[in-house]
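Residue numbers (the numbering used here): 3 to 234.
A virtual CB, placed ideally from N, CA and C, is assigned to each residue, including glycine.
Below: the structure, in structure tokens.
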């Protein structure tokens, strides 16, 4: 078991890739005003994944408009280390990189921490969760992908839930994120498996009432956390 870290809580991070990117700042603010705990920003390089999104200049533009927001950068880039300094300088708070995109996980984490950011690590659906075991105590969060990274709007992969269960059983106080196809229809599976950091795109960005959706997602997670604590 890992060293106890903190009391777990449910946190909701809208994935802004699913927003109207022509009004990105206002879309981000809309999510924050609706109760988002953090913003999940997908960075894709057209190499590690077959799509291309925004980079650190966008983050630098967003930061002054929302100085207190928590920016989690989901770095779907290779090599994973390439943009650490630029993202830190632009105002990113957490740099979540892919295990598959670096040859030196400890070195990558060290650079992220030295740059003043929190470190997250993510794995693709085809990667076994056990590869993360040696690195759990180095990172602040683990992000389990429930779609193939690279595109929004994909179908949720329920067969990824055992990965979350594996981590939660062994690292009871670890922040575990889930990303891909998470909605009101799939949140219960994620919560039951042990995820507490919920990345949701279309379900929030396309909703007429994102505040209500966010609260439902958070309540579902919090209920599962309380239940698991009572069962210990």
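Beta-carbon proximity check, residue i vs residue j, cutoff 8 Å
i	j	result
residue 167	residue 205	no
residue 60	residue 38	no
residue 150	residue 126	yes
residue 142	residue 122	yes
residue 74	residue 41	yes
residue 12	residue 223	yes
residue 203	residue 148	no
residue 179	residue 144	yes
residue 53	residue 118	no
residue 45	residue 77	yes
residue 213	residue 36	yes
residue 95	residue 68	no
residue 58	residue 24	no
residue 138	residue 162	no
Simplified DSSP state of residue i, which is helix, strand or coil
i	result
residue 16	strand
residue 54	strand
residue 209	coil
residue 131	helix
residue 260	A query on residue 260 cannot be resolved here, the shown segment of the chain reaching from 3 to 234 and no further.
residue 28	helix
residue 186	coil
residue 204	helix
residue 199	strand
residue 63	helix
residue 192	helix
residue 33	helix
residue 82	coil
Host beta strand (DSSP E) of residue i (start-end)
i	result
residue 97	96–100
residue 74	73–78
residue 122	120–125
residue 179	177–181
residue 45	41–46
residue 147	143–147
Expected contact under 8 Å - CB spacing of residue i and residue j to nearest Å
i	j	result
residue 111	residue 165	Incorrect: roughly 20 Å between the Cβ atoms, too far for contact.
residue 29	residue 21	4 Å
residue 133	residue 101	6 Å
residue 177	residue 198	6 Å
residue 49	residue 80	6 Å
Endpoints, the alpha helix (DSSP H) within which residue i is located
i	result
residue 227	212–233
residue 138	Here residue 138 belongs to no alpha helix (DSSP H), and DSSP marks it neither H nor E.
residue 107	107–116
residue 170	163–172
residue 89	86–92
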